[in-house]
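Heads up: the structure comes next, in structure tokens.
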Amino acid sequence: MGSSGEENYYGKHGEPRKFDPKFRGPIGNRHCTDVLCCVIFVVVILGYIALGIVAWTRGDPRKIIYATDSYGQFCGQKGTPNENKTFLMYFNILRCASPVVLINLQCPTTQLCVSKCPDSFTTYLDMQANRHNASYWDYYRQFCKPGFTNNRKSLPEVLRDEDCPSMLIPSRPFLHRCFPDFSTRNGVLMVANKTTFKDGIGQMRNVTDLREAANHVTAIQHGTKSGINSVLDARSIGMKIFEDYASSWYWILIALFIAMVVSLLFLILLRFTAGVFFWIFIVGVIGVVGYGIWHCFWEYYSLKGVPGADLTIYDIGLQTDFRVYLQLQQTWLAFMIILCIVEVVIILMLIFLRNRIRIAIALLKEGSRAIGYIMSALFYPILTFVLIAICISYWAVTAVFMATSGEAVYRVMANKTLCKYADITCAPETFNTTNVTKLCPGAQCTFAFYGGEDFYHQYILIFQLCNIFVFLWLVNFSIALGQCTLAGAFASYYWAFKKPADIPACPVFSSFGRAIRYHTGSLAFGSLILALVQFIRIVLEYLDHKLKAAQNSCAKFLLCCLKCCFWCLEKFIKFINRNAYIMIAIYGKNFCTSARDAFFLLMRNIVRVAVLDKVTDFLLFLGKILVAGSVGVLAFFFFTRKIPGISSEAPNLNYYWVPLLTVIFGSYLIAHGFFSVYAMCVDTLFLCFLEDLERNDGSTEKPYYMNKSLRKILNVQNKPTTTQ
């Protein structure tokens, strides 16, 4: 019966691997796997490089760096007439309050590059009244079109031809654009201490009109919905934050170095403290839950005899103030019952899973010992970081060049109700010779945007999507390469019968060479599957963003379900891939075979998997919190000058939380980098441990490779070798 049940169990979850007397860890005699996927991967990389080259040859990032005037010329670009004119001025910023701004993403007024922004209120009519004053005219004409010298030209003609602005408003530069210099006094919005101004055509306007127009321009150029005031405030805060970084960067680097040392010490000490940490936590949880039970009972007993305390939750119904329920005996009774159930479950799990917990702790200690022998593994994440940084940089640069690869497109700016040619494309070189200027007085051929009609520009969105997808693929491949490399190195440690004598030289380098030479296709296959799921998740997030304002509840619910399902699918694929890469590193099989073998091996030991996973997650999370928290507390006392003796060394800061949060976040990332190596080590040792149990029996012919502590927990021993 027992044998039949065992056969059915193994038949359901695959057959355990048979003993192989020649097996001594990661096999050296292996062949290339998933060659077709490797070829596809290489072709995609070559295509990605070609796409980048095309984007780089056709793109122009200056379109983002520099502001562009109405003629498509860059402000502040070296080697051009606008070299010393770094700011963009709007002739009539009030027109930017028109709805056409949000439709065409372009303000319907002439935009001119200037060397400085206006600093005083004046109008074209005021200038004409003082045209005999040379300094008055010299100041005004620097904001007119180049070459305009006729200061006797009438205002209607000037406005028709857009030669000069009808008014100048005190402005200050932001994002290389001149915006009205807003300020508030006693809650009243002002520009240059005024709340009203002349608009240049004889009318008085309110400053709030300027703010509305500036908000529209900011929404176009900066992508913000909160207005120019909040953006300018954010700029002021940003400058202070930059100053804080400039004065504290040295101390931030010292703190991050301390975090690296603390992370390394924590990993080394886990060999001795893993069990202590875990059992202290478990005892603490049991104690906290026990105190909660006692407190609930005390509250329940104290409410006896209190009028109204014997009412039920159903009697008082739904209340927004939660404190109302705390006045009921039934509430505390329910809390006490729930906590009692939790306490019993924890105790029962400790009783029935104690051996599996001991195995998990022993593997954690063994992982610390393995890292002690293979210290070079701790520095491998640097290579992964460099590869990912290259991928991110290439993706970002390619995306920017593709986004700026359009040619200048000009459109007729005119009143749509009076001019049928409004918004049609035009050529500024020949515009004045066409009939449009006669049929539509005041019409201008103005730069609108960058685009094009050829094949490249028609499919630019498809190319951007390809850029994102290949980026995800390459990032996942870089991570997969690191996981496979570390798995091969730590598997070499486990399958060394006499440690450290049997550990091969340079295990990390050897494992990296095997992964690149033989298993690029398999790693690309696994990372491709994960990239597909992640790409779908990005599309779903985009659709969710677009549907937020919609009222279709059914579509929102369906989208929420899809997002949840693909989130779970991504987590599952990451788990499968991680263990598949371990099997690839050990046995050199293709991705599908390795994923199947790893999955069946884990299913045959599912309880051990769950226990080890949770114990490892807890200890590593605790380690990250300890590293980030300890370094963060030290940084807090330093930057707030509360450490005697070195308080004078602390820099003067506008916001002490700026370097503090940087230190905490950076320390957490450093700890995560170190502990990711440790987690991969434990996962590899765990799979090797399960394989060891299935292929060996402790005899002289098939001895166990696990250490003495694991054999003691399992109550198995290696038989002593008999000598003749």
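Residue 600 in numbering that gives the first Met the number 0 sits at position 601 of the sequence shown, and the numbers go up by one each step.
Beta carbons are placed, not taken as given, at the ideal position from N, Cα and C, and that holds for glycine.
Simplified DSSP state of L709, which is helix, strand or coil: helix
Bridge-paired residues (DSSP) for C425: Y409
Own chain, CB closer than 8 Å to Q345, minus 5 neighbours either side, in chain order: The question names Gln, but residue 345 is Ile in the sequence shown. I281, V284, I285 and V288, listed in sequence order.
Three-state secondary structure assigned by DSSP to T484: helix
Whole-number beta carbon distance between L568 and Q539, since they are thought to touch under 8 Å: Before going on, a small fix: residue 539 reads as Leu here, not Gln. The pair is not a contact, with the Cβ atoms about 12 Å apart (cut-off 8 Å).
C-alpha gap between G587 and A579, whole angstroms: 10 Å
Nearest-angstrom beta carbon gap, Q443 and E156 [assumed within contact, 8 Å]: Not really, about 14 Å apart at Cβ, beyond 8 Å.
Delimiting residues of the beta strand (DSSP E) encompassing V157: No beta strand (DSSP E) contains V157, which is instead part of the alpha helix (DSSP H) from L154 to D160.
4 or more residues per run - each alpha helix (DSSP H) lying fully within the region 305-341: 312-315
Rounded straight-line distance, which links the Cα of D33 to that of W566: 27 Å
Any alpha helix (DSSP H) of 4 or more consecutive residues that is wholly inside the region 467-511: none
Identified DSSP bridge partners for Y89: Q110
Cβ pair count under 8 Å reaching 3, the region 460-477 against the region 45-57: yes
Touching by the beta-carbon criterion (3+ pairs, under 8 Å), the region 704-712 and the region 362-373: yes
9 Å Cβ cutoff met for S526 and N589: no
C-beta contact flag for V626 and I669 at 9 Å: yes
Alpha helix (DSSP H) segment containing S521, residue limits: T519 to K545
Local Cβ density within 10 Å of L485, reported as buried at 16 or more and exposed below that: buried
Cα-Cα separation, L101 to Q110: With a pLDDT of 43 at L101, under the threshold of 50, the modelled position of this residue cannot be trusted; read the value that follows with caution. For L101 and Q110, the distance between alpha carbons rounds to 17 Å.
A402 vs G58 beta-carbon contact at 9 Å: yes
Option in L167, Q141 and I92 with minimal Cα separation from L124: L167
For Y135 and N129, believed in contact at Cβ under 8 Å, the rounded distance: 4 Å
Alpha-carbon to alpha-carbon, N714 and A495: 22 Å
Reduced DSSP category for P658 - H, G, I as helix; E, B as strand; rest coil: helix
V42, buried or exposed, once every other Cβ within 10 Å from all chains shown has been counted against 16: exposed
Straight-line gap, F18 to N28 (C-alpha atoms, nearest Å): 18 Å
Where the beta strand (DSSP E) through S170 begins and ends: S170 to F173
Limits of the beta strand (DSSP E) - the one that F178 falls within: R176 to P179
Spatial distance of L338 from L621 (CA atoms): 24 Å
Beta-carbon separation (whole angstroms), A376 vs A488, contact threshold 8 Å: 6 Å
Unbroken alpha helix (DSSP H) run spanning D596, endpoints: F590 to M602
Boundaries (first-last residue) of the alpha helix (DSSP H) holding L352: Neither: L352 is in no alpha helix (DSSP H) and is coded neither H nor E.
Cβ pair A426, Y409 closer than 9 Å: yes
Q72, DSSP secondary structure in three states: coil
Residue(s) in a DSSP beta bridge with Q443: M412
Short Cβ contact (9 Å threshold) for T383 with I478: yes
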